[in-house]
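For the sequence shown, UniProt numbering assigns the number 1 to the initial residue and increments by one for each residue that follows.
Quick reminder that beta carbons are idealized off the backbone N, C-alpha and C, glycines included.
These notes concern the structure reproduced below.
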Amino acid sequence: MNVIGLDISKDTIDVTLITAKGEIDYIKIGNSHEGFEKLIGWIKTKRVRKIAISMEATGVYYEKAAEHLSAVYTVYVINPLKIKDYAKSQFSHTKTDKADSKLIADYTKRHLDKLKSFSPSENPTLYKLINLLQQLKQQKHESQNRLHAAKDPFIRSTHESIILLLSKKIDETSKRIDSVIKQQKSLNAEYKNLQTIPAIGKDTAAILLRHLTDKTFETANQFVSFAGLSPKIEQSGTSVNKKGRLSRYGHRQLKRALFMPALVAYRINAFPQLVKNLEAAKKPKMVVIVALMRKLAKIAFYIHKAKTPFNKARHQTV
Numbered sequence: 001m002n003v004i005g006l007d008i009s010k011d012t013i014d015v016t017l018i019t020a021k022g023e024i025d026y027i028k029i030g031n032s033h034e035g036f037e038k039l040i041g042w043i044k045t046k047r048v049r050k051i052a053i054s055m056e057a058t059g060v061y062y063e064k065a066a067e068h069l070s071a072v073y074t075v076y077v078i079n080p081l082k083i084k085d086y087a088k089s090q091f092s093h094t095k096t097d098k099a100d101s102k103l104i105a106d107y108t109k110r111h112l113d114k115l116k117s118f119s120p121s122e123n124p125t126l127y128k129l130i131n132l133l134q135q136l137k138q139q140k141h142e143s144q145n146r147l148h149a150a151k152d153p154f155i156r157s158t159h160e161s162i163i164l165l166l167s168k169k170i171d172e173t174s175k176r177i178d179s180v181i182k183q184q185k186s187l188n189a190e191y192k193n194l195q196t197i198p199a200i201g202k203d204t205a206a207i208l209l210r211h212l213t214d215k216t217f218e219t220a221n222q223f224v225s226f227a228g229l230s231p232k233i234e235q236s237g238t239s240v241n242k243k244g245r246l247s248r249y250g251h252r253q254l255k256r257a258l259f260m261p262a263l264v265a266y267r268i269n270a271f272p273q274l275v276k277n278l279e280a281a282k283k284p285k286m287v288v289i290v291a292l293m294r295k296l297a298k299i300a301f302y303i304h305k306a307k308t309p310f311n312k313a314r315h316q317t318v
């Protein structure tokens, strides 16, 4: 099998091809429609028949590439932790985008039989609306920071106007997401079930719904790992134990969506035994919050699988 590894960043993609004969080739493209078409054209010049394309599930940057290329080729999206562990097993210390794309290709070649192919979203409109909502919220947050720093009356007035407009668009987009979900009976039932989880509101439920329905997770731990909330991740790199902040691994949108609900769950003491055990072990507050994020993700997975509302007696212990 011929394999291609993609190392994806916001603006560019490093591409390494490893042919069935072991020959290696490389190209760099833009992370854009034009870049994807350039890659397709480049592959055609290589005269290779069966080909698999793989990439890491890094934030939201990989999603456009996966959707575009899966219309032409078999695409695999791999958990970044798998690549990290593989790099360690290969004693790979070279950290460049080009080297990473080769590492991803090599991992794919060795583990192809264990990988599951990527499938595009069954609800593309919902997916795009959720992304839009997150973008609007981020823009509002940035504008609020600029307003806080501004002294000039005109500049302050301008930022205030921008914030008002963004607030209006956030409200409209949130209502539109709610409307799109309610048009699909089975989706709406699950949407309501997710909102029965303590501290989970409509916006977070929509994001959870999107990822749980778009991707195939066989276990709760797989979903937790995808979100970047597994204990193994918590102990690595930018560890919350060491620096009191979230790991850089996992799906950024999903992880961000669970952060505020976890704070609320902590404040209302939604899961007292979990918090009590961690605080008794002298864990920092951020470790407790991440544990609550993990708890919420697990409960969401079980509710998705069982298609039933939150059950306090059953879900307190997951």
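- One thing to note: residue 299 has its Cβ no nearer than 7 Å to the Cβ of residue 163.
- Counting of Cβ neighbours within 10 angstroms places residue 143 among the buried residues, the total reaching 16 or more.
- For residue 2, the enclosing beta strand (DSSP E) has its first and last residue at 2 to 8.
- Comparing alpha carbon positions, the residue from 251, 128 and 218 closest to residue 302 is 218.
- With a beta-carbon spacing of about 13 Å, residue 288 and residue 296 fall beyond the 8 Å limit used to define contacts.
- Judged by DSSP in its simplified three-state form, residue 117 adopts strand.
- Of all alpha-carbon atoms in 251, 140 and 166, the one lying nearest the alpha-carbon of residue 222 is that of 251.
- DSSP lists 7 and 28 as the bridge partner or partners of residue 14.
- When secondary structure is reduced to three states using DSSP, residue 61 falls in the coil class, being assigned neither helix nor strand.
- A distance below 8 Å between beta-carbons, with the five flanking residues on each side excluded, links residue 150 to the following residues of its chain, in chain order: 156 and 159.
- Runs of the alpha helix (DSSP H) lying entirely within the stretch 163 to 227, each at least 4 residues long, are 185 to 194, 202 to 214 and 220 to 227 in chain order.
- If you check the CB distance, residue 77 and residue 53 do not come in under 7 Å.
- A residue is called buried once 16 or more other Cβ atoms fall within 10 Å of its Cβ, and residue 268, having fewer, is exposed.
- Across the structure, residue 13 and residue 180 are spaced so that their CA atoms are roughly 33 Å apart.
- DSSP places residue 45 inside the alpha helix (DSSP H), whose first and last residues are 33 to 45.
- Within 10 angstroms of the beta-carbon of residue 118 lie 16 or more other beta-carbons, which makes it buried.
- Between residue 8 and residue 86, the C-beta spacing is not below 7 Å.
- Residue 263 and residue 49 have their C-alpha atoms some 51 Å from each other.
- Using a 10 angstroms sphere on the CB of residue 318, the tally of other CB atoms stays under 16, which defines it as exposed.
- In the structure shown, residue 302 falls within a helical segment according to DSSP collapsed to helix, strand and coil.
- Beta-bridge partners of residue 74 (DSSP): 52.
- Contact between the stretch 121 to 137 and the stretch 27 to 34 is absent: fewer than three C-beta pairs spanning the two stretches fall below 8 Å.
- Taking all protein chains shown into account, residue 72 has fewer than 16 neighbouring C-beta atoms within 10 Å of its C-beta and is therefore exposed.
- DSSP places residue 122 outside both helix and strand once states are collapsed to three, so it counts as coil.
- In the displayed model, residue 230 falls within coil according to three-state DSSP, outside both helix and strand.
- The Cβ atoms of residue 254 and residue 293 do not sit closer than 7 Å to each other.
- Approximately 6 Å separates the beta-carbon atoms of residue 225 and residue 79; this is inside 8 Å, confirming the contact.
- In this chain, the alpha helix (DSSP H) harbouring residue 103 covers 97 to 111.
- The distance from the Cβ of residue 140 to that of residue 170 is about 7 Å, consistent with a contact at the 8 Å cut-off.
- Take residue 308, set aside five residues on each side of it, and the residues of its chain with a beta-carbon closer than 7 Å to its own are 193, in chain order.
- Rounded to whole angstroms, the Cβ separation of residue 230 and residue 202 is 27 Å, and the two are not in contact under 8 Å.
- Cα atoms of residue 47 and residue 106: separation of roughly 20 Å, rounded to the nearest angstrom.
- Taking a contact as a CB-CB distance under 8 Å, the pair residue 24 and residue 109 does not count as one, their CB atoms being some 11 Å apart.
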